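Chemist: Below you'll find the structure I mean.
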Amino acid sequence: MPRRQRTIKKSIELEGVALHSGETVQVRMDAAPPGTGVVFVRSDLDDPADIPALAGNLTVSMRRTVLRAGNNMIGMVEHLLAACHGLQVDNLRVHVSGDELPGMDGSSLPYAEALKSAGIVEQKEDRKEYVVEQPEVFRDEHGAEVILLPPTGEGLKIRYFPEYPEGVDASPFFFDLAGDDFLSEIAPARTFVRAAEIDKLLEAGLGKGANAENTLVLGGEEQPSMRLEREPTRHKVLDVIGDLALVGADLRGDLICNRSGHNLNQVVARHLREELDAEEIRGEGYGIQYDIQQVLRRLPHRYPLLLVDRVIEVEGFRRAVGLKNVTINEPFFQGHFPGQPIMPGVLQLEALAQLTGFLLQRKLEMTGMLGVLASIDKVRFRGTVVPGDQLRLEVEILRLQRNRAQVKAQAKVGRRIASEAMLSFAMIEPAS
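Encoded structure:
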């Protein structure tokens with residue numbers, strides 16, 4: 002059963018040093034409406050673009066998770082995302098004064114404590130959920146692997162098998178995100194580096210903000226002091242939780258991770274996000290029908306401007322077919338035209354736009370957004386529609402983005418095309 006989405010009650014501000022750039026960075030986190038997700042905004046730029054925390058925005062990077070939208074980039078997002086995932090904070094706008102989030106103490110704890118202090122509140126929309134249905138295996142060129150299995154519990158279970166230098170506890174660690182305490186068992190675990198890798202990282206311009214307090218050094222002359230038993234492995238689990246937050250849904254499944262790092266975690270996140278998108282497109286499936294009462298519940302239009310009487314086919318979130326029964330009692334026939342009634346072509350397009358709105362609303366009701374007609378292109382009127390005709394409305398979504406949709410639309414009488422057009426819709430937040 003999906004849970005309700007959540008956000009924070011009040012805004013919070015943090016400041017810290019970025020682990021890799023060494024720069025001091027300010028962060029402000031604001032509440033966001035249902036369906037927003039976690040969105041990063043570069044407050045240091047003159048014209049910043051939103052950077053949604055979704056797997057489709059991942060870009061290749063070394064030893065960290067980096068997101069890109071257009072020319073805007075933000076790095077080291079995994080510790081904050083782990084806190085959001087672990088505490089079930091789904092909707093957040095995060096303003097960052099640089100290209101990398103501050104590393105704080107090297108863990109998720111400062112972010113998690115800040116979110117808790119801001120207050121976490123439930124919203125009115127359900128959270129998306131993805132359930133692993135069959136086993137899958139992902140491997141990289143170094144032999145690391147992630148095995149996805151159907152769930153044995155209510156949420157995400159992670160079993161991590163690490164590999165470390167001699168003298169470091171390399172026993173496996175198990176964590177149940179639904180049943181264990183993220184705040185005490187995972188959030189405090191700090192990032193780490195192997196002593197043999199330090200020079201290479203510094204040569205690459207990384208680690209400028211790292212120190213003995215925020216980064217554990219493994220395999221050096223001295224063993225670091227651990228906050229928690231098996232702290233490095235707990236941090237690897239933290240990274241998995243943060244990277245899989247990019248799926249944008251609650252996950253139900255069991256993961257076996259054998260030496261996996263950010264790159265392989267991100268491969269899994271991309272795959273799951275693609276599967277989630279495909280599942281949404283399949284939606285309720287072919288053959289679902291909606292009568293006029295169900296149409297009225299989904300569309301804001303009312304007589305005399307409601308121009309969809311019934312929806313007879315729905316294919317997920319991709320395609321719909323509706324009917325408009327054209328009768329002599331239609332009010333527009335009084336003036337169009339007396340003695341020779343013809344349904345105006347613009348009202349045929351309005352009927353197609355309403356059916357598209359019906360189809361989009363099935364998806365957008367999960368996000369709290371509203372689809373409105375933005376433009377009409379390639380319009381063709383090919384035949385008249387008169388009293389007694391049944392207008393068959395067919396719409397197909399060709400492209401669906403976060404704030405835009407492109408739709409192919411046709412209105413037919415029998416097999417004859419009466420009108421057709423390409424419709425563009427914009428997704429907006431409804432007026433409060």
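Count along the sequence shown starting at 1, add 1, and that's the number in the numbering used here. C-beta atoms are modelled at their ideal positions from N, C-alpha and C, and glycine is treated no differently. For clarity, every value in this text was computed on a predicted model and none was experimentally measured.
So residue 83 is in the alpha helix (DSSP H); what residue range does that whole segment cover?
Modeler: Stepping through the sequence shown from its first residue, residue 83 is reached at position 82. From DSSP, the alpha helix (DSSP H) with residue 83 extends over 79-88.
Chemist: Taking the alpha helix (DSSP H) that residue 112 belongs to, which residues open and close that run?
Modeler: Here residue 112 refers to the residue found at position 111 when the sequence shown is read from its first residue. Where residue 112 is concerned, the enclosing alpha helix (DSSP H) stretches over 110-119.
Chemist: Does DSSP classify residue 329 as helix, strand or coil?
Modeler: The residue you call residue 329 lines up with position 328 of the sequence shown. Reduced to three states, the DSSP call for residue 329 is coil.
Chemist: Alpha carbon to alpha carbon, what distance is there between residue 416 and residue 242?
Modeler: As a first step, residue 242 is located in the sequence shown; it is residue number 241 there, counting from the start. As a first step, residue 416 is located in the sequence shown; it is residue number 415 there, counting from the start. The straight-line gap from Cα to Cα measures roughly 53 Å.
Chemist: Can you name, in chain order, every residue of its own chain whose Cβ lies under 6 Å from the Cβ of residue 176, other than the five neighbours on each side?
Modeler: Within the sequence shown, numbered from 1, the residue matching residue 176 stands at position 175. Cβ within range, chain order: 159 and 238.
Chemist: Using the beta-carbon count (16 or more within 10 Å), is residue 315 buried or exposed?
Modeler: In the sequence shown, counting from the first residue as 1, residue 315 sits at position 314. Classification of residue 315: buried, given that the 10 Å Cβ count is 16 or more.
Chemist: Going by CA-CA distance only, name the one from 39, 56, 106 and 357 that's closest to residue 128.
Modeler: Residue mapping note: residue 128 aligns to position 127 of the sequence shown, counting from 1. Of 39, 56, 106 and 357, the residue nearest in Cα terms is 39.
Chemist: Should residue 338 be labelled buried (16 or more other beta-carbon atoms within 10 Å of its own) or exposed?
Modeler: Numbered from its first residue, the sequence shown carries residue 338 at position 337. When all chains shown are included, residue 338 counts as exposed.
Chemist: Which same chain residues, not among the five before or five after residue 211, have their C-beta less than 6 Å away from its C-beta?
Modeler: Taking the first residue of the sequence shown as 1, we reach residue 211 at position 210. Within the same chain, residue 211 has close Cβ partners 20.
Chemist: From residue 137 to residue 66, what does the alpha carbon distance come to, in whole angstroms?
Modeler: Against the sequence shown, residue 137 aligns to sequence position 136. Against the sequence shown, residue 66 aligns to sequence position 65. Each residue's Cα considered, the two are about 23 Å apart.
Chemist: Find the nearest neighbour of residue 264 within the set 277, 110 and 56, judged by alpha-carbon distance.
Modeler: What you label residue 264 is simply residue 263 of the sequence shown in a count that begins at 1. Here the closest residue by C-alpha is 56.
Chemist: Are three or more beta carbon pairs between the segment 132-152 and the segment 103-119 nearer than 8 Å?
Modeler: Touching, no, given that fewer than three Cβ pairs across the two stretches are closer than 8 Å.
Chemist: Tell me the DSSP bridge mates of residue 40?
Modeler: By one-based count along the sequence shown, residue 40 stands at place 39. Beta-bridge pairing links residue 40 to 53 and 94.
Chemist: With distances taken Cα to Cα, identify the nearest neighbour of residue 186 among 110, 85, 323 and 245.
Modeler: Along the sequence shown, one-based indexing puts residue 186 at 185. Checking every option, the nearest Cα to that of residue 186 belongs to 110.
Chemist: What are the boundary residues of the alpha helix (DSSP H) that includes residue 25?
Modeler: Working through the sequence shown from its first residue, we reach residue 25 at position 24. Where residue 25 is concerned, there is no enclosing alpha helix (DSSP H), although the beta strand (DSSP E) it sits in stretches over 25-32.
Chemist: Taking buried to mean at least 16 other C-beta atoms within 10 Å of its own C-beta, is residue 216 buried or exposed?
Modeler: Indexing the sequence shown from 1 puts residue 216 at position 215. Its Cβ being crowded by 16 or more others within 10 Å, residue 216 is buried.
Chemist: Throw me the rounded Cβ distance for the residue 254 and residue 157 pair, which I believe falls under 8 Å.
Modeler: Taking the first residue of the sequence shown as 1, we reach residue 254 at position 253. Taking the first residue of the sequence shown as 1, we reach residue 157 at position 156. The Cβ separation is near 6 Å, so the contact holds.
Chemist: Are residue 75 and residue 100 closer than 8 Å when you measure CB to CB?
Modeler: For the purposes of this step, residue 75 is taken as residue 74 along the sequence shown, with counting starting at 1. For the purposes of this step, residue 100 is taken as residue 99 along the sequence shown, with counting starting at 1. Against a cut-off of 8 Å, the Cβ pair of residue 100 and residue 75 comes out as a contact.
Chemist: Taking Cβ positions, are residue 375 and residue 404 nearer each other than 8 Å?
Modeler: Taking the first residue of the sequence shown as position 1, residue 375 is located at position 374. Taking the first residue of the sequence shown as position 1, residue 404 is located at position 403. Against a cut-off of 8 Å, the Cβ pair of residue 404 and residue 375 comes out as no contact.
Chemist: Do residue 246 and residue 54 have their beta-carbon atoms positioned less than 8 Å apart in this structure?
Modeler: Along the sequence shown, read from residue 1 onward, the residue named residue 54 stands at position 53. Along the sequence shown, read from residue 1 onward, the residue named residue 246 stands at position 245. Yes; because the gap between Cβ atoms is below 8 Å, this pair is in contact.
Chemist: Would the segment 320-331 count as touching the segment 379-395 if we require 3 or more Cβ pairs under 8 Å?
Modeler: These segments touch.
Chemist: Counting along the chain, where does the alpha helix (DSSP H) carrying residue 153 start and finish?
Modeler: On the sequence shown, position 152 is the one that residue 153 refers to. Premise fails: residue 153 is in no alpha helix (DSSP H) and is neither H nor E.
Chemist: My output table needs one value for residue 343: the three-state DSSP class, helix, strand or coil.
Modeler: Position 342 of the sequence shown, counted from the first residue, corresponds to residue 343. Residue 343: coil per DSSP, three-state reduction.
Chemist: For residue 410 versus residue 396, is the C-beta distance shorter than 8 Å?
Modeler: Position 409 of the sequence shown, counting from 1, holds the residue named residue 410. Position 395 of the sequence shown, counting from 1, holds the residue named residue 396. Contact flag set, yes.
Chemist: Is the beta carbon of residue 107 less than 8 Å from the beta carbon of residue 77?
Modeler: Sequence index remark: in the sequence shown, residue 107 carries index 106 (1-based). Sequence index remark: in the sequence shown, residue 77 carries index 76 (1-based). Not in contact: residue 107 and residue 77 (Cβ atoms no closer than 8 Å).
Chemist: List the endpoints of the continuous alpha helix (DSSP H) containing residue 48.
Modeler: Against the sequence shown, residue 48 aligns to sequence position 47. Element bounds for residue 48: n/a, residue is neither H nor E.
Chemist: Ends of the beta strand (DSSP E) at residue 435?
Modeler: Residue 435 is absent from the structure shown; the chain starts at 2 and stops at 433.
Chemist: Quick one: is residue 47 buried, meaning 16 or more other Cβ sit within 10 Å of its Cβ, or exposed?
Modeler: Along the sequence shown, one-based indexing puts residue 47 at 46. By the neighbour-count rule (16 or more Cβ atoms within 10 Å), residue 47 is not buried but exposed.
Chemist: Taking DSSP's pairing of strands, which residues face residue 407 in a bridge?
Modeler: What you label residue 407 is simply residue 406 of the sequence shown in a count that begins at 1. According to DSSP, residue 407 bridges with 400 and 425.
Chemist: Please state the DSSP three-state secondary structure of residue 303.
Modeler: Taking the sequence shown and counting its residues from 1, one reaches residue 303 at position 302. Note: residue 303 maps to coil in three-state DSSP.
Chemist: Relative to the C-alpha of residue 430, which candidate in 371, 381, 377 and 387 has its C-alpha closest?
Modeler: Residue mapping note: residue 430 aligns to position 429 of the sequence shown, counting from 1. If we check each option's Cα against that of residue 430, 371 comes out closest.
Chemist: Would you kindly work out how many angstroms separate the C-alpha atoms of residue 204 and residue 58, rounded to a whole number?
Modeler: Walking along the sequence shown from the start, residue 204 turns up at place 203. Walking along the sequence shown from the start, residue 58 turns up at place 57. For residue 204 and residue 58, the distance between alpha carbons rounds to 27 Å.
Chemist: To the nearest angstrom, how far is the alpha carbon of residue 319 from that of residue 398?
Modeler: The residue given as residue 319 occupies position 318 in the sequence shown. The residue given as residue 398 occupies position 397 in the sequence shown. Cα to Cα, residue 319 sits roughly 5 Å from residue 398.
Chemist: Can you tell me where the alpha helix (DSSP H) with residue 12 in it begins and where it stops?
Modeler: Here residue 12 refers to the residue found at position 11 when the sequence shown is read from its first residue. It is not in any alpha helix (DSSP H) - residue 12 carries neither H nor E in the DSSP assignment.
Chemist: By DSSP's criteria, residue 382 is part of a beta bridge. Which residues make up the other side?
Modeler: As a first step, residue 382 must be located in the sequence shown, where it is residue number 381. DSSP output for residue 382 lists 420 as bridge partner(s).
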